[in-house]
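>
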Amino acid sequence: MLIKNGRVFTMAGKVYENGCVLIENGKIKEVGEELTASFGEEIIDARGGWVLPGLVDAHSHLGTHEANMGFEGNDTNEITDPITPQLRVIDGLNPQDKAFEAVRASGVTTTLVAPGSVNVIGGQCAVIKTYGRCVDEMVIVEPAAVKIAFGENPKRAYKELEKMPSTRMAIAGLLRQTLYEAKAYQVRKEKAAEREEYFAVDLKLEALLPVLEGRIPVKAHAHRADDILTAIRIAKEFNVSMTLDHCTEGHLITDYIKEAGFPAIVGPTMSARSKIELTNRSFFTAVKLAASGVKIAITTDHPVTQMQYLPLCAGLAVREGLPLEDALRAITINAAEIIGAADRVGSIEPGKDADLAIFDGNPLQTLTKTLYTIIDGRVVYKKE
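For the sequence shown, the working numbering gives the first residue as 227, with consecutive numbering after it.
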């Protein structure tokens, strides 16, 4: 396949005003100008359009909180035990969720899907493509992170069940206790291996070893400033990597976030102030964090805001002062880097997966339409 005559935003430092992208065997083979196709090869003329890497939403519940399905289609939260790191989101993800069609039609080709934010430790996340019938074939990274949560969600759910945690202190205490148990488990496992002894696997603690070993981050649901700082405090105590998800009051403590060095996945901002910790929600959050040097992504937290509106969310941040380039990065290469998938997606570079979106103009503007969405070199959406 050859895409030609488009304004190609590689998100790797280069914009081709009249660019071409050559695709072969599902990968990007070459990017440049005046490239030619082989005989019989499919050609897409993107004249007048913008060609971007497929868009990336760094935090969602796509396929686990299904459209129009109510309780039967909601497998996001296991509200029976506040500590469930052994749960794998791919075991509750339905690729037949009707929302996938609208998502592909908006140019989004990759998302990180997470268990919900009711449990203190919710389970293991996965990065997936937005096209496919079998989740195992859609996966890019799994596990990609372990979900943890602070603030109102755990407090509310477990207060109603009359069990711990019902306070922010208890949330932090349970998380610390479990991480210490995982460290002790890690030592026991290593000693058993040295002695060549049988070792009984504990799935809860086993799931936390990639976090303790620095292979994947914890993905921290934290809206309020004090919850963000608690997440940072605990991550530093245990020397683990972390992404700050939602980060709603991040603009109030930007200097602390910058010093901590963790990236922020900001949003959903185009949604109601449905709870107290969203009081200070603003599109300015992304602006201030990015200006301070914090690496940001923008999220819809689908289905809180439907994922097809990801470009619009980025556009509203531009309206508040976020530079256009930063907004595009927040839904492409920055998002891919933050979720650990940048070796395959997020930019248009040779060797990467041929995941692209072609728009009839600036995708962050409301009147812009998606013309093509391409995943692994295959057209999965075409505007008729």
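Backbone N, C-alpha and C fix where the C-beta goes; we use that ideal spot for every residue, glycine too.
Mark Thr393 as exposed unless 16 or more other C-beta atoms lie within 10 angstroms of its C-beta, in which case mark it buried.
Exposed: under 16 other Cβ atoms inside 10 Å.
> State the DSSP-derived secondary structure class of Leu431, mapped to helix, strand or coil.
Note: Leu431 maps to helix in three-state DSSP.
> Thinking C-alpha only, which one of Leu431, Pro391, Arg499, Lys415 is nearest Tyr424?
Of the candidates Leu431, Pro391, Arg499, Lys415, the one whose C-alpha sits nearest the C-alpha of Tyr424 is Lys415.
> If we require 4 or more residues per run, which alpha helix (DSSP H) segments fall completely within the stretch 435-476?
Counting whole runs of 4 or more residues, the stretch 435-476 contains the alpha helix (DSSP H) stretches 435-438, 451-464.
> What runs of the alpha helix (DSSP H), each 4 residues or longer, lie entirely inside the stretch 361-420?
As far as the stretch 361-420 is concerned, its whole alpha helix (DSSP H) runs of at least 4 residues are 361-364, 378-386.
> Nearest to Glu267 by CA position, among Asn300, Phe464, Pro576, Val247, is which residue?
Checked all of Asn300, Phe464, Pro576, Val247; the closest Cα to Glu267 is Val247.
> Return the first residue and the last residue of the alpha helix (DSSP H) that Asp552 is part of.
First-last of the alpha helix (DSSP H) with Asp552: 550-556.
> From what residue to what residue does the beta strand (DSSP E) around Arg604 run?
Start and end: 604-608.
> At a cut-off of 7 angstroms, is Leu593 close to the ligand ZN when judged by its beta-carbon and the heavy atoms of the ligand?
With respect to small molecules bound, the structure shown includes none, and the ligand ZN cannot be examined in it.
> Is the Cβ-Cβ distance between Lys324 and Asn294 less than 8 angstroms?
Yes.
> I need the straight-line Cα distance from Glu363 to Arg570, nearest angstrom please.
Distance between the alpha carbons of Glu363 and Arg570 is about 15 angstroms.
> Measure the C-alpha to C-alpha separation of Thr531 and Val413 and round it to an integer number of angstroms.
Going by the C-alpha atoms only, they are around 43 angstroms apart.
> Where Ile479 and Glu503 are concerned, what is the direct C-alpha to C-alpha distance, given to the nearest angstrom?
Answer to the nearest angstrom: the Cα atoms are 15 angstroms apart.
> In the DSSP assignment, find the unbroken beta strand (DSSP E) run with Thr336 in it and report its ends.
It spans 334-339 - the beta strand (DSSP E) in which Thr336 sits, taken as one unbroken run.
> With three or more C-beta pairs closer than 8 angstroms as the rule, is the stretch 378-389 touching the stretch 464-474?
Flag = no, the stretch 464-474 and the stretch 378-389 do not touch.
> Where does Pro537 sit, in a helix, a strand or coil, going by DSSP?
Three-state DSSP puts Pro537 in a helix.
> So, for Asn303: in the same chain, excluding its five sequence neighbours on each side, which residues have a beta-carbon less than 8 angstroms away from its beta-carbon?
Closer than 8 angstroms at the Cβ level, and outside the excluded window around Asn303, lie Pro341, Gly342, Ser343, Val344, Asn345, Gly348, Ala383.
> Assuming Gly245 contacts Asp586 (C-beta within less than 8 angstroms), just tell me the rounded distance between them.
About 16 angstroms; that fails the 8 angstroms criterion.
> Gly318: buried (16+ other C-beta within 10 angstroms of its C-beta) or exposed?
Classification for Gly318: buried.
> Can you tell which of Thr525, Ile316, Thr404, Tyr607 has its C-alpha closest to the C-alpha of Phe509?
Phe509 has its Cα closest to that of Thr525, out of Thr525, Ile316, Thr404, Tyr607.
> With a threshold of 16 other CB atoms inside 10 Å of the CB of Ala562, please say whether the residue is buried or exposed.
So Ala562 counts as buried.
> I'd like to know whether the C-beta atoms of Val372 and Val427 end up nearer to each other than 8 angstroms.
Not a contact, by the Cβ cut-off of 8 angstroms.
> For a quick check, are the C-beta atoms of Val544 and Leu550 less than 8 angstroms apart?
Against a cut-off of 8 angstroms, the Cβ pair of Leu550 and Val544 comes out as a contact.
> By how many angstroms is the C-alpha of Gln534 removed from the C-alpha of Ala446?
Each residue's alpha carbon lies about 24 angstroms from the other.
> Below 6 angstroms CB to CB, which residues in the same chain sit around Leu405 once its five sequence neighbours on both sides are set aside?
If we look at Leu405 and ignore the five residues flanking it on each side, its Cβ neighbours are Phe464.
> Near Glu574, which residues of its chain fall below 8 angstroms by C-beta distance, leaving aside the five closest residues on each side in sequence?
Residue identity differs from the one stated: residue 574 is Ile in this sequence, not Glu. Same-chain partners within the cutoff: Val234, Phe235, Thr236, Met237, Ala238, Val247, Ile254, Val257, Val277, Leu278, Pro279, Leu582.
> Going by C-alpha distance, which of Arg459, Glu407, Pro576 is nearest Phe664?
The structure shown has nothing for residue 664, since the chain only spans 227 to 610.
> Distance, Cα to Cα, Gly333 vs Glu422?
Roughly 51 angstroms between the two C-alpha positions.
> Given this structure, state the Cα-to-Cα distance separating Thr596 from Leu400, to the nearest angstrom.
Roughly 45 angstroms between the two C-alpha positions.
> Whose C-alpha, out of His291, Met227, Lys240, is nearest the C-alpha of Asp271?
Of His291, Met227, Lys240, the residue nearest in Cα terms is Met227.
> Using the Cβ count rule (16 or more neighbours within 10 Å means buried), how would you classify Ser264?
The residue is exposed, with fewer than 16 neighbouring Cβ atoms inside 10 Å.
> Report the start-end ranges of each alpha helix (DSSP H) in the stretch 302-329 that is 4 residues or longer and not cut off at the edges.
The qualifying runs do not exist here; there are none.
> Using only CA atoms, which one of Gly289, Asn300, Gly299, Glu327 lies nearest to Lys609?
The candidate whose alpha carbon is nearest that of Lys609 is Glu327.
> Comparing C-alpha positions only, which one of Gly377, Glu407, Lys409, Gly289 sits nearest to Met395?
For the residues Gly377, Glu407, Lys409, Gly289, the minimum Cα distance to Met395 belongs to Gly377.
> Does DSSP classify Ala293 as helix, strand or coil?
In this structure, Ala293 counts as coil in the three-state DSSP scheme.
> What is the C-beta distance between Leu515 and Ala556, in whole angstroms, given that I count them as a contact (C-beta under 8 angstroms)?
Their Cβ separation, rounded to whole angstroms, is 10 angstroms, which puts Leu515 and Ala556 out of contact at 8 angstroms.
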